[in-house]
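Okay, so here's the structure we're looking at.
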Amino acid sequence: MPDKSALAPRFLGEGKIVFEERGVPLPGPGELLLEEQANAICGSDRGQYFGGSVVTPGHETSGVVLAAGPGTTVREGTPGVVFLMDYCGECGSCRLGFTNQCLAKRADMGFTHDGGYGPYELVHETNFFPVGSDVDPVEATMLLDVMGTSGHAISRASLLRPDIESVYVAGAGPIGLGLLVMCKLHFGADFPVRISDVSPWRLRYASSFGAQTFDASSPDAIAGLPSSDVAFDSTGKRPARQAALAALTKRGVLVCVGHGETLEVAVSDDLIAPERAVLGSEYFRFAEMPHNLQLLRENRDLLARVITHRFDVSQIAAAFTTFLSGESGKVVVTQGRGQ
Ligand SMILES: [Zn+2]
Ligand SMILES: [Zn+2]
């Protein structure tokens, strides 16, 4: 067991991060104490980065089981990743497998309870997903928002549109890049994916994955978007959502993945006549992880390219500065053990 306390980054707000001693908890019944290995930075960390946080942030986490509480079956030393929602497993949503819609979740890891930027994290065994020791701990974080959230959004669109022949992605940040890569994996390397962003760096990076790119700062470019069967909005911005809706084919589906602003829908012209749909998609179901782990193993080089930067946790401030510059893919913070 580690010492009773250890240094963990504390987010004070306004971009200030200091290191403070925090107690190391003991795992209770059904719980695991993880020794963290890596945590990917997410756009939704912005709230804690600018607004401060009483808990240690970080929700795209991979770690190793250091101590297992009573009643658990996962062995100490098992590597794995943390599912954001500490779902109950018993409510109406969980019983049907919709663990991302749990009606009685115990925690959102990294938001309501200590998350992955610290050296240790306490999780329930049920929201820990073991991966093999063959999977690099930094790359394992791709199973979460990059592969999980994107794959779930594609499955949501496929519910209404099983014959998808083209996709448009608004926003080429980490989630947009994840959607692009997962579309290529699901539909094939030659499958047409259009993507837009205001950052020239992000557009260049997206085009290296085979996307057709559109400059979102150019009204002409956005007005000239080709029609796509499915559009994903990862920006959360109203103009981006409106443009995505306008660029759908008949029977097209807009999936909103980025939280944020509103969308104006003219029900007759936008939905009824063309039989279009607008859907939300939130994180993913725990049961989607085994398939994504298989995809990660089979497409390791492609998915590893989504990660553009790695920083030791002692450089966490620089990691956030890089992430917020708009000139990165995924930025991963490591705990400097065995990397
Ligand atoms: Zn995230
Ligand atoms: Zn539940």
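Counting in my numbering, the sequence shown runs from -14 upward without gaps.
By construction, the Cβ of each residue, glycine as well, lies at the ideal position given by its N, Cα and C atoms.
Across the structure, A258 and E150 are spaced so that their CA atoms are roughly 21 Å apart. Restricting attention to R261, T97, P(-13), the CA atom closest to the CA of L11 is found in P(-13). Between the alpha carbons of R141 and G36 lies a distance of about 32 Å. A distance below 7 Å between beta-carbons, with the five flanking residues on each side excluded, links A229 to the following residues of its chain, in chain order: Y153, A155, A216, D218, L239. Cβ atoms of N284 and L170 come within 8 Å of each other, at about 6 Å. Rounded to the nearest whole angstrom, the CA to CA distance from F83 to R270 is 6 Å. For N24, the beta-bridge partners assigned by DSSP are T46, V318.
Taking C-beta separations shorter than 7 Å and ignoring five residues to either side along the sequence, the partners of E61 in its chain run V50, L51, A52, A53, following chain order.
Ligand 2 never approaches S202 closely enough for any of its heavy atoms to be under 7 Å from the residue's Cβ.
The beta-carbon separation of E16 and E110, rounded to 7 Å, stays under the 8 Å limit for a contact.
Counted as a single uninterrupted DSSP element, the stretch harbouring Q86 is not any alpha helix (DSSP H), since DSSP gives it neither H nor E. Exclusion of Y34 from the 7 Å shell around ligand 2 follows from its C-beta lying no nearer than that to any non-hydrogen atom of the ligand.
In this model, F305 and D254 are separated by some 43 Å (Cα to Cα). With a cut-off of 7 Å, the C-beta of S47 is classified as distant from ligand 1, since no heavy atom of the ligand falls inside that distance. With a cutoff of 7 Å, S38 does not count as near ligand 1, since its C-beta is closer than that to no heavy atom of the ligand.
Rounded to whole angstroms, the separation of the alpha carbons of L287 and D71 is 30 Å.
Between V183 and S202 a beta carbon distance of about 5 Å is seen, short of the 8 Å cut, so the two are scored as contacting.
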